[in-house]
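Student: Have a look at this one.
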Amino acid sequence: MLGVNVPPAWAWFSELRHQRLINSQEYKEQFGKWDVLELPDDQKVNAIHAAVLPTGRILLIAGSGNKEDMFNAGTFKSLVYDPATGRSRVVPTPDDMFCSGHTFLASGNLLVAGGTQRYERLDGAVTNAGGGVIVKNEDPDSAPIPFPAGTEFRSPEGLVYRATHPFTVEPATKVATRRGATVTASETTVFAEAVEPGPGYVFEGPRQYSVSGVPAADAQNVYALGQAMTLKKQNYQGIEQSFEFNPYTETYERVGDMEFKRWYPTLTGLANGTVLAMSGLDGTGEILNGQNEIYDPATRTWRERKDLTQYFPSYPAVFQTAREDVLFYSGANSGYGPAEAGRVPGFWNLENNILTPIPGMRDPDLLETAGSAWAGPVQDQRIAVVGGGGVGESPRSTARIDTIDLDSPNPTWQPGPMLPEGTRYPNLTTLPDDTMLISNGSRDYRGKGDTNNHNARIYRPQTNTLDYAADPAVGRNYHSASMLLPDGRVMTVGSDPLFNDLANTIPGTFEQRIEIYTPPYLFRGPQPQVSDAPPRAALGDTVSVASPDAARIQSARLMAPMASTHVTDTHQRSIALDMTKQDGGVSVTLPRDRAIAPPGRYMLFLLDDRGVPSVGRWIEVPEPGRAEAA
Numbered sequence: 124m125l126g127v128n129v130p131p132a133w134a135w136f137s138e139l140r141h142q143r144l145i146n147s148q149e150y151k152e153q154f155g156k157w158d159v160l161e162l163p164d165d166q167k168v169n170a171i172h173a174a175v176l177p178t179g180r181i182l183l184i185a186g187s188g189n190k191e192d193m194f195n196a197g198t199f200k201s202l203v204y205d206p207a208t209g210r211s212r213v214v215p216t217p218d219d220m221f222c223s224g225h226t227f228l229a230s231g232n233l234l235v236a237g238g239t240q241r242y243e244r245l246d247g248a249v250t251n252a253g254g255g256v257i258v259k260n261e262d263p264d265s266a267p268i269p270f271p272a273g274t275e276f277r278s279p280e281g282l283v284y285r286a287t288h289p290f291t292v293e294p295a296t297k298v299a300t301r302r303g304a305t306v307t308a309s310e311t312t313v314f315a316e317a318v319e320p321g322p323g324y325v326f327e328g329p330r331q332y333s334v335s336g337v338p339a340a341d342a343q344n345v346y347a348l349g350q351a352m353t354l355k356k357q358n359y360q361g362i363e364q365s366f367e368f369n370p371y372t373e374t375y376e377r378v379g380d381m382e383f384k385r386w387y388p389t390l391t392g393l394a395n396g397t398v399l400a401m402s403g404l405d406g407t408g409e410i411l412n413g414q415n416e417i418y419d420p421a422t423r424t425w426r427e428r429k430d431l432t433q434y435f436p437s438y439p440a441v442f443q444t445a446r447e448d449v450l451f452y453s454g455a456n457s458g459y460g461p462a463e464a465g466r467v468p469g470f471w472n473l474e475n476n477i478l479t480p481i482p483g484m485r486d487p488d489l490l491e492t493a494g495s496a497w498a499g500p501v502q503d504q505r506i507a508v509v510g511g512g513g514v515g516e517s518p519r520s521t522a523r524i525d526t527i528d529l530d531s532p533n534p535t536w537q538p539g540p541m542l543p544e545g546t547r548y549p550n551l552t553t554l555p556d557d558t559m560l561i562s563n564g565s566r567d568y569r570g571k572g573d574t575n576n577h578n579a580r581i582y583r584p585q586t587n588t589l590d591y592a593a594d595p596a597v598g599r600n601y602h603s604a605s606m607l608l609p610d611g612r613v614m615t616v617g618s619d620p621l622f623n624d625l626a627n628t629i630p631g632t633f634e635q636r637i638e639i640y641t642p643p644y645l646f647r648g649p650q651p652q653v654s655d656a657p658p659r660a661a662l663g664d665t666v667s668v669a670s671p672d673a674a675r676i677q678s679a680r681l682m683a684p685m686a687s688t689h690v691t692d693t694h695q696r697s698i699a700l701d702m703t704k705q706d707g708g709v710s711v712t713l714p715r716d717r718a719i720a721p722p723g724r725y726m727l728f729l730l731d732d733r734g735v736p737s738v739g740r741w742i743e744v745p746e747p748g749r750a751e752a753a
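In this text, residue positions in the sequence shown follow this note's numbering: the first is 124, and each later residue adds one.
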């Protein structure tokens, strides 16, 4: 009996000692603490996308949640969660925003664009040959022609394929010239599949199709071209729909459709308040070949920027730099695209559309599923790239942290400390004290082989060092996200492992628990108080912030709310504010440059001489020239 009972008893005793240790005040002051939260069953969602709303609540978007049965049933979910009260509610979700892109606008609305038109079909599971078909219209005088799903394309041999989704064909464009006019046919790409299963419909070469529903008189103007119809794997397909989520009404508002369907796109906010959409899989499952477009919040419409044609793998990490017309691509990405294209980091000059590569990073072939973010205040113009792995289902991963100073006369990659393990899917959260929490991830693709990393570290950009942090209890890999909360804590959600066991035999289940990290700075005593602050401050303004703790306030930061998916968040940034003390509070001065502080909502934090932040106060930075009208 002794031999049977001692191991369980010892395990229980060891766990008890461990719990006493991690809950001791001394431990929490040094390493922080994690707490796991369970939502009610009817409030649980697969948190593919996560954003901190300017109300302090959290928006978790699942869409179909990587569940094809939910997709087929048209069951799309979003959840609004209040970390202050623990209350949550499911909100109506009008389309499948699973694997969309998003970023915040100056209004405080969250722009959400793209998502899922069709789930993938793996090799061996494709029964009906399918592929992309380009429908052309050479008539400049026609009206737009809508076609329903099921529209048939007939080849000269009599083989018939059907469009899987509705589409619209625009009229051709006509440009007057000295000799008359030049007509350019419009093109609309749709996915079609054979009306019957089997290899008899497989066709590899190019051919022309007639389009059903087109009158014979118009057949010479409206026709379709296809390159191949195959039984090979069919990728996920994107949608063109976009929405603004209004945080004050907690509803989605339909806005203009994108010019291109996108699945796995990145949306990067620009200094002027517009948004650039890049990359993604199109409506046929092919990665877009550099077609990028701009969203104008004033008109709520999209416009292709052919002058900014630039190829990236899906979910590229592209940041607005301190120079308005220059973006920086860190090389981090989250998926689709060939291994030899678009993987090198560099500066993207929007004036001439030249991307200047910056090689020299360690493990440059391990940038897929890497994380990247501003390291320290954005004025430092330092980007960190953390972890990552090989292209596709590679088991390779890296523990690398490399940084680059974008303001340097000769920007080069500098080696940083190494994480304790190779890490795909690291969550990076910039904290108000200018440090970065690096948490979770896995060593292998989607946590295969039970390879979740149950660890966290605090990266200090000022010293380029890494400190130990308390270990998270919940493992997280693919489809996970982290967020800085207004009270200074960090919330992590999601995880979509491929398998649930070491032998990779049990299908994975989506992680629906929430875990909240309380950093060490919140165990050093009471947080400094902000008793009053203006709701709005323009660029260059100096404003007063009332605080009974003014004597010990040392610094002030504006923190952009996070909007994270697939370890990609190009909106996250910390902005250092010039600060002076005054009677009953402090005065803070905003930067003058909108490339440093783009218009939008921010959390204002004051930090005391112990490095403890206040609770963040929401403040609006309006578009230049619109402060009075806001």
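We treat Cβ as the ideally placed atom computed from N, Cα and C, and that holds for glycine.
So what's Met-401 in DSSP terms, helix, strand or just coil?
Tutor: Strand.
Student: Assuming Gly-255 contacts Phe-314 under a Cβ cut-off of 8 Å, what Cβ separation, rounded to an integer in Å, is found between them?
Tutor: About 6 Å separates the two Cβ atoms, so the contact holds.
Student: Evaluate the contact criterion for the region 653-662 versus the region 605-622: three or more CB pairs, one atom per stretch, below 8 Å.
Tutor: Touching, no.
Student: So, is Gly-755 buried or exposed, given that buried needs 16 or more other C-beta atoms within 10 angstroms?
Tutor: The chain is shown from 124 up to 753; residue 755 falls before or after that span and cannot be answered.
Student: Checking the sheet assignment: what are the DSSP bridge partners for Met-614?
Tutor: In the DSSP output, where bridge partners are listed per residue, Met-614 has Met-606, Ile-639.
Student: Sorted by chain position, which residues of the same chain lie with C-beta nearer than 6 Å to Ser-687's C-beta, five sequence neighbours on each side aside?
Tutor: Contacts found: Ala-173, Ala-604.
Student: At a cut of 8 Å, does the region 233-251 reach the region 275-283 through at least three beta carbon pairs?
Tutor: The answer is no - the region 275-283 does not touch the region 233-251, with fewer than three Cβ pairs under 8 Å.
Student: Excluding five sequence neighbours on each side, which residues of the same chain lie with their C-beta closer than 8 Å to the C-beta of Ser-333?
Tutor: So the list reads Phe-276, Arg-277, Ala-342, Tyr-346, Ala-347, once near-sequence residues are dropped.
Student: Helix or strand or just coil, what does DSSP make of Lys-704?
Tutor: Residue state, collapsed to three classes: strand.
Student: Between Met-494 and Val-690, which are expected to be in contact by the criterion C-beta below 8 Å, what is the C-beta distance as a whole number of angstroms?
Tutor: Going by the sequence as given, residue 494 is Gly instead of Met. Indeed they touch by this definition, with Cβ atoms about 5 Å apart.
Student: Which whole runs of the beta strand (DSSP E) in the region 394-457 are 3 residues long or more, in chain order?
Tutor: As far as the region 394-457 is concerned, its whole beta strand (DSSP E) runs of at least 3 residues are 398-401, 416-419, 424-427, 441-443, 449-452.
Student: Any chance you could list the beta strand (DSSP E) runs of at least 3 consecutive residues sitting entirely within the region 341-389, in chain order?
Tutor: Taking only runs of at least 3 residues, the beta strand (DSSP E) segments lying wholly in the region 341-389 are 345-349, 365-369, 374-378.
Student: Any idea what DSSP makes of Pro-480, helix, strand or coil?
Tutor: Strand at Pro-480.
Student: Could you tell me which of Val-203, Ala-679, Leu-645 sits nearest to Val-735, measuring between CA atoms?
Tutor: Val-735 has its Cα closest to that of Leu-645, out of Val-203, Ala-679, Leu-645.
Student: Exposed or buried, which one is Leu-228 when buried takes at least 16 other CB atoms within 10 Å?
Tutor: Classification for Leu-228: buried.
Student: Per DSSP, what are the beta-bridge partners of Gln-331 in this structure?
Tutor: Gln-331 pairs with Leu-348.
Student: Please report the Cβ distance between Glu-316 and Asn-358, rounded to the nearest whole angstrom; I am assuming they are in contact, meaning their Cβ atoms lie under 8 Å.
Tutor: So it is not a contact: roughly 14 Å between Cβ atoms.
Student: Measure the C-alpha to C-alpha separation of Gln-364 and Gly-708 and round it to an integer number of angstroms.
Tutor: Roughly 47 Å between the two C-alpha positions.
Student: May I ask you to report which of helix, strand or coil DSSP gives Val-325?
Tutor: Correct three-state label for Val-325: coil.
Student: Taking 7 Å as the limit between beta carbons, can you name the residues of its chain near Ser-654, skipping five residues before and five after?
Tutor: Ala-669, Ser-670, Pro-671.
Student: Looking only at C-alpha atoms, which of Gly-408, Val-249, Met-614 sits nearest to Lys-355?
Tutor: Lys-355 has its Cα closest to that of Val-249, out of Gly-408, Val-249, Met-614.
Student: Quick one: measure Cβ to Cβ for Ala-593 and Phe-154, integer angstroms, because I've assumed they're closer than 8 Å.
Tutor: Correct: roughly 4 Å between the Cβ atoms.
Student: Does DSSP put Tyr-725 in a helix, in a strand, or in coil?
Tutor: Tyr-725 falls in the strand class under three-state DSSP.
Student: Assign His-225 to one of two classes, buried (16 or more other C-beta atoms within 10 Å of its C-beta) or exposed (fewer than that).
Tutor: With 16 or more Cβ atoms within 10 Å of its Cβ, His-225 is classed as buried.
Student: To which residues does DSSP link Thr-312 through a beta bridge?
Tutor: Per DSSP, Ile-257.
Student: What's the call for Lys-297, buried or exposed, on a 16-neighbour Cβ count within 10 Å?
Tutor: That one is exposed.
Student: Do you know whose CA, among Asp-192, Leu-681, Ser-457, Ala-440, lies nearest Phe-451's CA?
Tutor: The shortest C-alpha separation from Phe-451 is found at Ala-440.
Student: Quick one: what does DSSP say Ser-141 is sitting in, helix, strand or coil?
Tutor: It should be noted that the sequence gives His, not Ser, for residue 141. DSSP places His-141 in helix when its eight states are reduced to three.
Student: Among Thr-397, Asp-486, Leu-621, which one has its Cα closest to the Cα of Arg-426?
Tutor: With distances taken between Cα atoms, Arg-426 lies closest to Thr-397.
Student: In three-state DSSP terms, what is Val-501?
Tutor: Helix, per DSSP.
Student: Would you say Phe-633 and Asp-573 are within 9 Å of each other, going by their C-beta atoms?
Tutor: No; because the gap between Cβ atoms is not below 9 Å, this pair is not in contact.
Student: Compare the C-alpha of Ala-679 against each of Val-666, Leu-700, His-694, Ser-667 and name the closest.
Tutor: The option with the nearest alpha carbon to Ala-679 is Leu-700.
Student: I'd like the ranges of any alpha helix (DSSP H) spanning at least 4 consecutive residues and lying wholly in the region 142-178.
Tutor: 148-154, all fully within the region 142-178.
Student: Write down the C-beta distance between Gly-186 and Asp-219 rounded to the nearest angstrom, noting that I regard them as a contact closer than 8 Å.
Tutor: Gly-186 to Asp-219, Cβ: 4 Å. Contact.
Student: Residue range of the alpha helix (DSSP H) that Phe-194 falls in?
Tutor: Its alpha helix (DSSP H) spans residues 191-196.
Student: Determine the extent of the beta strand (DSSP E) in which Ser-517 is found, giving its start and end residues.
Tutor: Where Ser-517 is concerned, there is no enclosing beta strand (DSSP E), given that its DSSP letter is neither H nor E.
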